[in-house]
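Novice: Just so it is clear: in the sequence shown, position 183 is 182 by numbering that gives the first Met the number 0, and no numbers are missing.
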Amino acid sequence: MLGAAGLGEAHPGMTWGSLAAGSLGLSIGMLADDLAWQEVPLALDIARLTAPLALIWLMAGLLHHVLGNRYALARMRARGEHLIVAGDGALARMIVMGELARHKPVVILGNRTDAPWIGPALRDGAAICPDLAKCGLESARALAFTGPEGADNLALARQIVAGLHLARPAGNPLEIIVSISGDDSLPADAEDGTINAQARVRQAILPDMVARRLFIDHTLDAFRWSDVQDATVFVIGLTDVTRLYIARLLTGGHWRGGRKAKLVVIDREPRAAQATIADRHGKIDALSPIAFVRWDGTEAQIAPLVTELHRTYGRPVAYIIDAGPAAVQREWAERIVSIHAEADIALPPIHARIDAGSSAALSHKVTPFGYEAVLADPDALMQEQHDLTARAIHESYLEGRLGDGEKIGARDSLREWEDLPERYRADNRMVADCHQLKLRDIGCRIVSQSDRRFPPFRLRQDEEEELARAEHDRWMVAKVADGWRFGPVRDDAERLHPDIVPFDDLSEAIKDLDREQVRLITRIVARQGKAVVRLLEVGLIPGGAPCPRLAPLIAALKSHYPDRLPRFLVEARSTEAIAALKDEGALIDVVASGFAIPAYTYDAVTAVPFGGELEVLNKNADLRVLCGDAAAPDGTPVIRLNREGTIVQAPWLP
Numbered sequence: 000m001l002g003a004a005g006l007g008e009a010h011p012g013m014t015w016g017s018l019a020a021g022s023l024g025l026s027i028g029m030l031a032d033d034l035a036w037q038e039v040p041l042a043l044d045i046a047r048l049t050a051p052l053a054l055i056w057l058m059a060g061l062l063h064h065v066l067g068n069r070y071a072l073a074r075m076r077a078r079g080e081h082l083i084v085a086g087d088g089a090l091a092r093m094i095v096m097g098e099l100a101r102h103k104p105v106v107i108l109g110n111r112t113d114a115p116w117i118g119p120a121l122r123d124g125a126a127i128c129p130d131l132a133k134c135g136l137e138s139a140r141a142l143a144f145t146g147p148e149g150a151d152n153l154a155l156a157r158q159i160v161a162g163l164h165l166a167r168p169a170g171n172p173l174e175i176i177v178s179i180s181g182d183d184s185l186p187a188d189a190e191d192g193t194i195n196a197q198a199r200v201r202q203a204i205l206p207d208m209v210a211r212r213l214f215i216d217h218t219l220d221a222f223r224w225s226d227v228q229d230a231t232v233f234v235i236g237l238t239d240v241t242r243l244y245i246a247r248l249l250t251g252g253h254w255r256g257g258r259k260a261k262l263v264v265i266d267r268e269p270r271a272a273q274a275t276i277a278d279r280h281g282k283i284d285a286l287s288p289i290a291f292v293r294w295d296g297t298e299a300q301i302a303p304l305v306t307e308l309h310r311t312y313g314r315p316v317a318y319i320i321d322a323g324p325a326a327v328q329r330e331w332a333e334r335i336v337s338i339h340a341e342a343d344i345a346l347p348p349i350h351a352r353i354d355a356g357s358s359a360a361l362s363h364k365v366t367p368f369g370y371e372a373v374l375a376d377p378d379a380l381m382q383e384q385h386d387l388t389a390r391a392i393h394e395s396y397l398e399g400r401l402g403d404g405e406k407i408g409a410r411d412s413l414r415e416w417e418d419l420p421e422r423y424r425a426d427n428r429m430v431a432d433c434h435q436l437k438l439r440d441i442g443c444r445i446v447s448q449s450d451r452r453f454p455p456f457r458l459r460q461d462e463e464e465e466l467a468r469a470e471h472d473r474w475m476v477a478k479v480a481d482g483w484r485f486g487p488v489r490d491d492a493e494r495l496h497p498d499i500v501p502f503d504d505l506s507e508a509i510k511d512l513d514r515e516q517v518r519l520i521t522r523i524v525a526r527q528g529k530a531v532v533r534l535l536e537v538g539l540i541p542g543g544a545p546c547p548r549l550a551p552l553i554a555a556l557k558s559h560y561p562d563r564l565p566r567f568l569v570e571a572r573s574t575e576a577i578a579a580l581k582d583e584g585a586l587i588d589v590v591a592s593g594f595a596i597p598a599y600t601y602d603a604v605t606a607v608p609f610g611g612e613l614e615v616l617n618k619n620a621d622l623r624v625l626c627g628d629a630a631a632p633d634g635t636p637v638i639r640l641n642r643e644g645t646i647v648q649a650p651w652l653p
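1. From A189 to Q197, what does the alpha carbon distance come to, in whole angstroms?
2. Let me confirm a value: E470 is counted as buried when at least 16 other C-beta atoms fall within 10 Å, else exposed. Which label applies?
3. How should V488 be labelled, buried or exposed, when 16 other C-beta atoms within 10 angstroms of its C-beta is the threshold for buried?
4. Between which two residues does the beta strand (DSSP E) carrying F214 extend?
5. Are there 16 or more other CB atoms within 10 angstroms of the CB of P541, so buried, or fewer, so exposed?
6. For L72, I'd like the list of residues in its chain whose CB is within less than 7 angstroms of its CB, leaving aside the five on either flank, ordered along the chain.
7. Tell me the rounded alpha-carbon separation between I646 and P653.
8. My understanding is that I283 touches L249, with C-beta atoms under 8 angstroms, so please give their C-beta distance in whole angstroms.
9. In whole angstroms, give me the CA-to-CA distance for V604 and G442.
10. In the DSSP assignment, what are the bridge partners of V637?
11. Excluding five sequence neighbours on each side, which residues of the same chain lie with their C-beta closer than 8 angstroms to the C-beta of P561?
12. Where does D386 fall in DSSP's three states?
13. Quick check: the Cα distance between L185 and M93, rounded to an integer number of angstroms?
14. CB R201 to CB E421, shorter than 9 angstroms?
15. Return the first residue and the last residue of the alpha helix (DSSP H) that K581 is part of.
16. Just confirm the distance between the C-beta atoms of Q328 and R352, as a whole number of angstroms; I'd bet it's less than 8 angstroms.
17. Note down the Cα distance separating I338 from A302, rounded to an integer number of angstroms.
18. Look up V500 in the DSSP assignment and give the residues it is bridged to.
19. Could you pull out every residue in the same chain whose Cβ sits closer than 6 angstroms to the Cβ of E643, ignoring the five residues on either side in sequence?
20. Got a sec, what are the start and stop residues for the beta strand (DSSP E) Y318 sits in?
21. So, are the CB atoms of V232 and L219 less than 9 angstroms apart?
22. Per DSSP, what are the beta-bridge partners of E536 in this structure?
23. Near H280, what residues of its chain come up, given a Cβ to Cβ distance below 7 angstroms and the 5 sequence neighbours on each side ignored?
24. Go ahead and pull the three-state DSSP assignment for A483.
25. For G266, does the three-state DSSP call read helix, strand or coil?
26. What residue from A299, A550, A585, Q527 has the CA that sits closest to L535's CA?
27. For A477, which residues in the same chain have their Cβ closer than 6 angstroms to its Cβ, ignoring the five residues on either side in sequence?
28. Under a Cβ-count criterion, where at least 16 other Cβ atoms within 10 Å of its own Cβ denotes burial, should K406 be classed as buried or exposed?
29. Rounded to whole angstroms, what is the Cα-Cα separation between G88 and H164?
30. What residues match up with I349 in a beta bridge as DSSP calls it?
31. So A221 and P315 are in contact, right, with Cβ under 8 angstroms, and what is the actual spacing, rounded?
32. Please name the residue in A139, F609, W483, D602 whose C-alpha comes closest to that of R572.
33. Round the Cβ separation of A467 and R514 to the nearest angstrom and send it over; I've been treating them as touching at under 8 angstroms.
34. Could you check if F387 is buried or exposed, using at least 16 other CB atoms within 10 Å of its CB as the buried criterion?
35. Express the C-alpha separation of I83 and M75 in angstroms, rounding to a whole number.
36. Within 10 angstroms of the Cβ of P636, are there 16 or more other Cβ atoms? Answer buried if so, exposed if not.
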């Protein structure tokens, strides 16, 4: 347009043909002969210089559009190890974006480009391919079917498996992931990890993935009442997700000192909910019965029902809400918050299954969970990192059984990982998930060694025995829930097993298998470049003034207790100390006797009766830090800080 305007100014009255010819010349930086040697308008000069650049940019864009995707696809096929995603819905989007965020190669199967996320994905390095045969099946690391219907996904997977021998070499099987939006498992033949030498099919049941994330990321020991032994959980609404969460909690929890999870399910149809759990999970509640309570579905009943639940079942350590529409879940959460606020009692964690778009209006005291939160983690679907631990657990099991004279392949569970049916892989993943629970229960944490090196960890003999007992209990409950029962001789067809007995009644050889599973935890953690570390419980005892500078204290603790990880027990009222500790990245166990707790994420919250903070700080601490004029109990190790935060008394000082 700029060039046309300049040409019109230089040649008033020129024809349309002349204007078109002159504009074409400008696109390659040329002027007509009669203008080449005379002064021309400024617009024409600018157009003569910029038009070729614009043409080059346009041609480059066109070539990229035509050839760029082909080049990207050819490069991925040549290099291999790419993920092929079949689908263009929300699940496909989350998987593709997650892989791109990890700088992993990904190919989108299909020919649709109108989905709003596909364009950005292609610009970020993904490739699109309309024909699966041209997507590089011979070199891909995995293929994910993400359609809304699990049966349709399975049918597509079977078609691929049937002809994959033409494209895939034996011995390098393709991982085929079949996503299932509901919780119904696929037929038994779909679970077989060795459909043929070229492929393995794995189920990705989305509700179970959500339940797993809730189970391992929000452990029940993150909140406790100092005067209550059991861990009561109110589950509001029985859905696929909450039912599978309950199953994980009862088959995977480790309850030290007789502490158990008490489940209370609140549902519109409690009898149907009870029948569903019994039908799907058998005797899962054999060791810890589940209570069922009716909710009439109205918002008006929520407040009196919560009050009645507290009166009948006691104070919970967590609320899990999956009760329908987001508005209903918000109402439940808000009523629970207001009840605790009015009574001025500590508020346990509230987890509501609300997606990211609906969670903005939630109180900071409510944690949303759901599909989007889970699938934002790329490993949630692929499970590549998770399987490293599960594989190591299975390999250790194989070594033990083969060492006892059993033969590989004698039964389904005695196969190499690559040939192991999916249900047994899932069992090993469950064991892996329980590792951190067992360690948390004996006051330990799994931490990275990147910024601080810790010495090798050793379990005490009493801890090893306790955790071995817990592992046997976990295994036994999972077996009973799956329909197994005691039999003097193992019979897989009849689901009979001689080891479904209390730990004390096992032979020493079987007990040693459980002990070896416990010893394996620290070895696996070390292989992953991490460390198991004991907590050093540090009670921060307030004095006449707060301790504003805690960095020197933290540095001194790291220096003098190199094998321990400090966790600070702090009163909720000590807001300045809490803020200072959060700035230093320290673990905090906040001790509170009322509703008001600063809005942070803590390692734990301990709720105490009114006036009981100091007693808990002194009772639970390995080491007391005295601020200001605080007094110390007799005979206890203490560190004293002056008003500037300088250490003036410590066990290592003369």
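Just so it is clear, CB atoms sit at the ideal spot from N, CA and C, and this is done for glycine as well.
Specialist: On the basis of the supplied data:
1. The residue you call residue 189 lines up with position 190 of the sequence shown. The residue you call residue 197 lines up with position 198 of the sequence shown. Any answer about A189 is weak, because its pLDDT of 46 lies below 50 and its placement is not dependable; what the coordinates show is given next. C-alpha separation (whole angstroms): 15 angstroms.
2. Here residue 470 refers to the residue found at position 471 when the sequence shown is read from its first residue. Buried is the call here.
3. As a first step, residue 488 must be located in the sequence shown, where it is residue number 489. The residue is exposed, with fewer than 16 neighbouring Cβ atoms inside 10 Å.
4. Position 215 of the sequence shown, counting from 1, holds the residue named residue 214. Run containing F214: none in the beta strand (DSSP E); it sits in the alpha helix (DSSP H), 205–216.
5. Taking the sequence shown and counting its residues from 1, one reaches residue 541 at position 542. When all chains shown are included, P541 counts as buried.
6. By 1-based counting over the sequence shown, the position of residue 72 is 73. Excluding sequence neighbours, L72 sits near V106, A126, C128.
7. The residue given as residue 646 occupies position 647 in the sequence shown. The residue given as residue 653 occupies position 654 in the sequence shown. Each residue's alpha carbon lies about 12 angstroms from the other.
8. By one-based count along the sequence shown, residue 283 stands at place 284. By one-based count along the sequence shown, residue 249 stands at place 250. About 5 angstroms; that satisfies the 8 angstroms criterion.
9. Numbered from 1 along the sequence shown, position 605 holds the residue referred to as residue 604. Numbered from 1 along the sequence shown, position 443 holds the residue referred to as residue 442. Whole-angstrom Cα-Cα distance: 15 angstroms.
10. Walking along the sequence shown from the start, residue 637 turns up at place 638. Beta-bridge pairing links V637 to R623.
11. Here the question's residue 561 lines up with position 562 in the sequence shown. Within the same chain, P561 has close Cβ partners F453, P454.
12. Walking along the sequence shown from the start, residue 386 turns up at place 387. Correct three-state label for D386: helix.
13. Looking up residue 185 in the sequence shown gives position 186. Looking up residue 93 in the sequence shown gives position 94. Per-residue confidence for L185 stands at a pLDDT of 48, beneath the threshold of 50, marking its modelled position as unreliable; no derived number is given.
14. What you label residue 201 is simply residue 202 of the sequence shown in a count that begins at 1. What you label residue 421 is simply residue 422 of the sequence shown in a count that begins at 1. Yes; because the gap between Cβ atoms is below 9 angstroms, this pair is in contact.
15. Translated into positions along the sequence shown, residue 581 becomes position 582. Looking at the DSSP string, the run of the alpha helix (DSSP H) that includes K581 is 574–582.
16. As a first step, residue 328 must be located in the sequence shown, where it is residue number 329. As a first step, residue 352 must be located in the sequence shown, where it is residue number 353. Yes, Q328 and R352 are in contact; Cβ-Cβ is about 7 angstroms, under 8 angstroms.
17. Locating residue 338 in the sequence shown gives position 339, where the first residue counts as 1. Locating residue 302 in the sequence shown gives position 303, where the first residue counts as 1. Their backbone Cα atoms lie some 7 angstroms apart in a straight line.
18. As a first step, residue 500 must be located in the sequence shown, where it is residue number 501. DSSP lists no partner for V500.
19. The residue labelled residue 643 in the question sits at position 644 within the sequence shown. Taken in chain order, the list of residues that qualify is empty.
20. The count along the sequence shown starts at 1 and reaches residue 318 at position 319. From DSSP, the beta strand (DSSP E) with Y318 extends over 317–320.
21. Residue mapping note: residue 232 aligns to position 233 of the sequence shown, counting from 1. Residue mapping note: residue 219 aligns to position 220 of the sequence shown, counting from 1. Yes, the pair counts as a contact, with Cβ atoms nearer than the cut-off.
22. Taking the first residue of the sequence shown as 1, we reach residue 536 at position 537. Looking at the DSSP assignment, E536 forms a beta bridge with R566.
23. Translated into positions along the sequence shown, residue 280 becomes position 281. So the qualifying residues of the chain are A246, A480.
24. Indexing the sequence shown from 1 puts residue 483 at position 484. Residue identity differs from the one stated: residue 483 is Trp in this sequence, not Ala. Of the three classes helix, strand and coil, the one that applies to W483 here is coil, per DSSP.
25. As a working note, residue 266 is residue 267 in the sequence shown. Looking at the sequence provided, one finds Asp at residue 266 rather than Gly. Of the three classes helix, strand and coil, the one that applies to D266 here is strand, per DSSP.
26. Along the sequence shown, read from residue 1 onward, the residue named residue 535 stands at position 536. Ranking the options by Cα distance to L535, first place goes to A585.
27. For the purposes of this step, residue 477 is taken as residue 478 along the sequence shown, with counting starting at 1. Hits under 6 angstroms: T250.
28. For the purposes of this step, residue 406 is taken as residue 407 along the sequence shown, with counting starting at 1. So K406 counts as exposed.
29. The count along the sequence shown starts at 1 and reaches residue 88 at position 89. The count along the sequence shown starts at 1 and reaches residue 164 at position 165. Taking the straight line joining both Cα atoms gives about 29 angstroms.
30. Taking the sequence shown and counting its residues from 1, one reaches residue 349 at position 350. Note: I349 sits in a beta bridge opposite Y318, V365.
31. On the sequence shown, residue 221 is found 222 positions in, with the first residue counted as 1. On the sequence shown, residue 315 is found 316 positions in, with the first residue counted as 1. The pair is not a contact, with the Cβ atoms about 13 angstroms apart (cut-off 8 angstroms).
32. Looking up residue 572 in the sequence shown gives position 573. Among A139, F609, W483, D602, the Cα nearest to that of R572 belongs to F609.
33. Here residue 467 is taken as the residue at index 468 of the sequence shown, counted from 1. Here residue 514 is taken as the residue at index 515 of the sequence shown, counted from 1. About 4 angstroms; that satisfies the 8 angstroms criterion.
34. As a working note, residue 387 is residue 388 in the sequence shown. Before going further, note that residue 387 is Leu rather than Phe in the sequence given. Exposed: under 16 other Cβ atoms inside 10 Å.
35. Translated into the one-based positions of the sequence shown, residue 75 becomes position 76. Translated into the one-based positions of the sequence shown, residue 83 becomes position 84. Whole-angstrom Cα-Cα distance: 11 angstroms.
36. Stepping through the sequence shown from its first residue, residue 636 is reached at position 637. Answer is exposed; the Cβ neighbour count stays below 16.
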